[in-house]
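Heads up, the sequence shown is in my numbering, so the first residue is 76 and it goes up one at a time.
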Amino acid sequence: MSRLVLLTVTALLLLAGCTSSDGGKSDGDKKTSKPSATKTTPAPTGPACASIWKEGTTLPADYTRCVDDGTYGPQDVTKCQDGTKLVAYSDTYFAVTGGRISKPKVAPMQDTPEYGKAYTACTGE
Numbered sequence: 076m077s078r079l080v081l082l083t084v085t086a087l088l089l090l091a092g093c094t095s096s097d098g099g100k101s102d103g104d105k106k107t108s109k110p111s112a113t114k115t116t117p118a119p120t121g122p123a124c125a126s127i128w129k130e131g132t133t134l135p136a137d138y139t140r141c142v143d144d145g146t147y148g149p150q151d152v153t154k155c156q157d158g159t160k161l162v163a164y165s166d167t168y169f170a171v172t173g174g175r176i177s178k179p180k181v182a183p184m185q186d187t188p189e190y191g192k193a194y195t196a197c198t199g200e
């Protein structure tokens with residue numbers, strides 16, 4: 076008798092696990108809920124790119140990023156052996172943090188001897 080009770084309870088538990096919790100409604104009948112709050116990304120902060128990137132001026136030693144039209148400005152950063160960074164902004168300007176900003180007259184900037192010299196001094200390559 077105990078085996079019969081055990082088999083019956085097991086069968087009922089299995090059946091209970093297979094039933095739907097939505098009262099028999101099909102997936103097409105379910106209403107989807109929308110999140111009550113949307114996630115927002117904080118606006119970028121920092122100095123305006125136009126105020127930083129001027130040929131002949133000095134790139135601040137603590138420079139990290141600049142903001143252009145509500146987004147971070149396009150830049151490539153290379154860590155230098157001496158702890159500074161070589162920053163190329165918008166494929167137009169470059170400088171080592173704490174150093175003079177250059178704007179080569181030829182494009183692409185990365186192919187100029189001036190940039191190549193700065194890159195080699197930075198990385199040792």
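The C-beta atom is built at its ideal place from N, Cα and C for all residues, glycine as well.
- Taking one beta carbon from each stretch, the segment 126–142 and the segment 170–185 have 3 or more pairs nearer than 8 Å; the two touch.
- A contact between stretches requires three or more CB pairs, one per stretch, nearer than 8 Å, and the segment 188–200 meets this requirement with the segment 153–162.
- Taking the Cα positions, residue 120 is about 32 Å away from residue 187.
- Where residue 125 is concerned, the enclosing alpha helix (DSSP H) starts and stops at 124–127.
- Taking C-beta separations shorter than 8 Å and ignoring five residues to either side along the sequence, the partners of residue 142 in its chain run 119, 120, 121, 122, 123, 124 and 148, following chain order.
- Taken in chain order, the complete beta strand (DSSP E) segments of 3 or more residues contained in the segment 139–195 are 150–154, 160–164 and 168–171.
- Take the alpha-carbon of residue 189 and the one of residue 162: they are about 14 Å apart.
- In the three-state reduction of the DSSP assignment, residue 198 falls in the helix class.
- Assignment of beta-bridge partners to residue 133 by DSSP yields 175.
- A Cβ-Cβ contact shorter than 8 Å links residue 176 with residue 132.
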